[in-house]
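> Submitted below is the structure of interest, expressed as structure tokens.
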Amino acid sequence: LVSKMVSSCAVCSAPASQQCAGCQQIVYCGRDHQRQHWKTTHRRECHCYRVVENACLGRYMVATRNIRQGEVIFRDLPAVVGPKMASVPVCLGCNRDLFPPVGQTDVPNRFFECSRCGWPVCGAECETAEQHRPECSIMTGSSYRPKIYPSWDDPSKRESAYCVIVPLRVLLLQNHAPDTWDRVQRLESHVEERLKSPLYEVVRSNLVPFVRSVLGLQQYSAETILEICAILDTNCFEIRLPKRQTKVRALYPLGAMLSHDCRPNTKHYFDEALHMVLVATVDIQRGATISTSYTQPLLSTLHRRLALKQSKHFECLCERCNDPTELGTNLSGFRCPECRKGIVLSAQPCNPQSVWRCRQQNCAFSETTTAYAARFTQLQQQLLSLNRTEPSEYEAFIQQHQSTVHGWNAFVLQAKYALIQLLDRPPTVKLEQPDSGSEERLHRTVELCRDLLDVANRLEPGLGFFRVKLLVTLEKALATLRHCSPKWKSVEAEWISLKEELIRMSKLDSSVSANN
């Protein structure tokens, strides 16, 4: 951050006091030099953040000034984008899911293939797409031709041949985008830990020789190829492209600088041009860490930390993870089997060997993490076994466990959220002829949304996706319910308040819609 001692103009070094309002990092002696510096240099460098480094977090972003809720912090273009390691057939030119050409009768079991390298693409236009050209040149010079064909019996079949594409695109940056290559190489990889996994044994024995021997890229050592794969696994974001019916992964140099927090102060989405757009979900104070979350808000501390350790290879030590109550939600806890009053929580949530104790005064119940994990696994397996299209199964799960664990236990909350999504279907209520079954569904939706909003306000406040989704669903249910019968007129004030909040949020954040 700019020190009060710094008072030299960025252009002429004369005494200066006029600070750039955008980043609050630069000062000028007057407007003329500020305009001059903006046109020549500062336009590209003016940000509300800067990247710092420490031993605990590595490199991460901090705010250089106060950032307002809803403010766009950055828009970042991907260094590379492409198929996941195992992917359904996708076009290497535009990332769309592939289907055989319409009306094709001569070879119905073939996709359109690039005339140069033989990889499936949408059509002739995608053969020359910018993102496909570098690898196409390399593939064309080799004898390799992929065997990727339509699978009519299993359209979701994933092809392992795609595992080479994104790592290859990164390697080829060294020649056609050296600055980007340098930025990517500096990213965290955790390669030492990853090399111990079975997945990286496969990468070492298959992908490395494919790049070096089959494609003839001997200039890249096995260590470099493995390092790039590890960088991708540590830093890539999965992008869902609903209009293109596909999922891809992309590497964002700025996005990779975001620190994880289980109660983040930002959210991100991807626009049509595949920019990663980072938005402040709450006000962020100058000097504060700018954070995102790589986990889901309704996972317990044990589950979140395990997922982060397995996928990102770090131990989360955020405020929520260190708090046994998880910011007052008791999400990881269960009702004490002895006193039936207290909630059993970990004494030290970030210590895998910590004892679990009842929080009720004068109750001595405790158990080991191993015993807790057995409870955890049993509940998880039961939840995963439910029919995902049947609301009654989720209702039964909730009723069964609300008394034995508690209403805000992670698995009960996950069941409640799944139930909300099942109930949130196009309304069948006809305003002239209300349907009692639909009315009951709406009432249950309202009840569940109110409950989960109390949780969201603690775990993902402000403009967070989880909270916004609940607000939108609740507003829609209330808007319909208030027309069902005179007894629901009492929700009018709540509906108006929700509508006003969504309108306010939509003005702050373009990804929030108030038109339902």
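Quick note on this note's numbering: the sequence shown kicks off at 502 and runs consecutively. All residues carry an ideal CB built from backbone N, CA and C; glycine is no exception.
Suppose you measure from the CA of R536 to the CA of P651; what does that come to, to the nearest Å?
For the purposes of this step, residue 536 is taken as residue 35 along the sequence shown, with counting starting at 1. For the purposes of this step, residue 651 is taken as residue 150 along the sequence shown, with counting starting at 1. Going from the Cα of R536 to the Cα of P651 covers about 58 Å.
> Taking buried to mean at least 16 other C-beta atoms within 10 Å of its own C-beta, is S690 buried or exposed?
On the sequence shown, residue 690 is found 189 positions in, with the first residue counted as 1. Classification for S690: buried.
> Taking only runs of the alpha helix (DSSP H) that begin and end inside the stretch 623 to 673, which ones reach a length of at least 4 residues, in chain order?
Taking only runs of at least 4 residues, the alpha helix (DSSP H) segments lying wholly in the stretch 623 to 673 are 625 to 628, 634 to 641 and 666 to 672.
> Can you tell which of L846, Y873 and A874 has the C-alpha that lies nearest to the C-alpha of C864?
Residue 864 sits at position 363 when you count from the first residue of the sequence shown. Measuring C-alpha to C-alpha distances from C864 to each of L846, Y873 and A874 identifies L846 as the nearest.
> Can you list the beta strand (DSSP E) stretches of 3 or more residues lying completely in the stretch 725 to 792, in chain order?
If one requires a minimum length of 3 residues, the beta strand (DSSP E) runs lying completely within the stretch 725 to 792 are 738 to 742, 747 to 752, 767 to 771 and 777 to 781, in chain order.
> In or out: W653 buried (at least 16 other Cβ within 10 Å) or exposed?
Along the sequence shown, read from residue 1 onward, the residue named residue 653 stands at position 152. Exposed.
> Just to confirm before moving on: does the CB-CB distance between S792 and P765 stay below 8 Å?
Here residue 792 corresponds to residue number 291 of the sequence shown, with the count starting at 1. Here residue 765 corresponds to residue number 264 of the sequence shown, with the count starting at 1. Yes, they are a contact pair.
> Classify D680 as helix, strand or coil using the three-state DSSP reduction.
Residue 680 sits at position 179 when you count from the first residue of the sequence shown. D680 falls in the helix class under three-state DSSP.
> Scan the stretch 549 to 597 and note each continuous beta strand (DSSP E) run of 3 residues or more that stays entirely inside, going in chain order.
550 to 555, 559 to 564, 573 to 577 and 581 to 583
> At 4 residues or longer, what runs of the alpha helix (DSSP H) sit wholly inside the stretch 876 to 905?
892 to 902
> If distances are taken between C-alpha atoms only, which option among E961, S1007, I997 and L960 comes closest to A978?
For the purposes of this step, residue 978 is taken as the residue at position 477 of the sequence shown. A978 has its Cα closest to that of I997, out of E961, S1007, I997 and L960.
> Are the CB atoms of I649 and F612 within a distance shorter than 8 Å?
For the purposes of this step, residue 612 is taken as residue 111 along the sequence shown, with counting starting at 1. For the purposes of this step, residue 649 is taken as residue 148 along the sequence shown, with counting starting at 1. Cβ distance < 8 Å, so F612 and I649 count as in contact.
> Does the separation of the CB atoms of S801 and H761 fall below 8 Å?
Here residue 801 refers to the residue found at position 300 of the sequence shown. Here residue 761 refers to the residue found at position 260 of the sequence shown. Result no, Cβ atoms of S801 and H761 do not sit closer than 8 Å.
> Please determine if the stretch 632 to 642 and the stretch 613 to 623 are in contact, where contact requires at least 3 C-beta pairs separated by less than 8 Å.
These segments touch.
> What residue range is occupied by the uninterrupted beta strand (DSSP E) comprising I527?
In the sequence shown, the residue the question calls residue 527 occupies position 26. Neither: I527 is in no beta strand (DSSP E) and is coded neither H nor E.
> Just to check my reading of the structure: R750 and K585 have Cβ atoms closer than 8 Å, yes? What is that Cβ distance to the nearest angstrom?
Here residue 750 is taken as the residue at index 249 of the sequence shown, counted from 1. Here residue 585 is taken as the residue at index 84 of the sequence shown, counted from 1. About 5 Å separates the beta carbon of R750 from that of K585, a gap short enough to meet the 8 Å contact definition.
> Considering W857, what are the terminal residues of the beta strand (DSSP E) in which it resides?
If you number the sequence shown from 1, residue 857 lands on position 356. Its beta strand (DSSP E) spans residues W857 to C859.
> Roughly how many angstroms lie between the CA atoms of Q570 and V778, to the nearest whole one?
As a first step, residue 570 is located in the sequence shown; it is residue number 69 there, counting from the start. As a first step, residue 778 is located in the sequence shown; it is residue number 277 there, counting from the start. Answer to the nearest angstrom: the Cα atoms are 14 Å apart.
> Note down the Cα distance separating V528 from P798, rounded to an integer number of angstroms.
Looking up residue 528 in the sequence shown gives position 27. Looking up residue 798 in the sequence shown gives position 297. Answer to the nearest angstrom: the Cα atoms are 41 Å apart.
> Locate the beta strand (DSSP E) running through L846, then write down its first and last residues.
Translated into positions along the sequence shown, residue 846 becomes position 345. I844 to S847 is the span of the beta strand (DSSP E), which, as asked, contains L846.
> Using a threshold of 8 Å, state whether the C-beta atoms of K768 and F966 are closer than that.
Position 267 of the sequence shown, counted from the first residue, corresponds to residue 768. Position 465 of the sequence shown, counted from the first residue, corresponds to residue 966. Against a cut-off of 8 Å, the Cβ pair of F966 and K768 comes out as a contact.
> Please determine if the stretch 705 to 723 and the stretch 735 to 743 are in contact, where contact requires at least 3 C-beta pairs separated by less than 8 Å.
no
> For G717, count neighbouring C-beta atoms within 10 Å of its own C-beta (all shown protein chains included) and say buried if the count is 16 or more, exposed if not.
Within the sequence shown, residue 717 is the residue found at index 216, counting from 1. Burial call: exposed.
> Check whether the stretch 556 to 569 and the stretch 583 to 600 are in contact - that is, three or more C-beta pairs closer than 8 Å.
no
> Between the beta-carbon of L578 and the beta-carbon of H776, is there less than 8 Å?
Numbered from its first residue, the sequence shown carries residue 578 at position 77. Numbered from its first residue, the sequence shown carries residue 776 at position 275. Cβ atoms of L578 and H776: closer than 8 Å.
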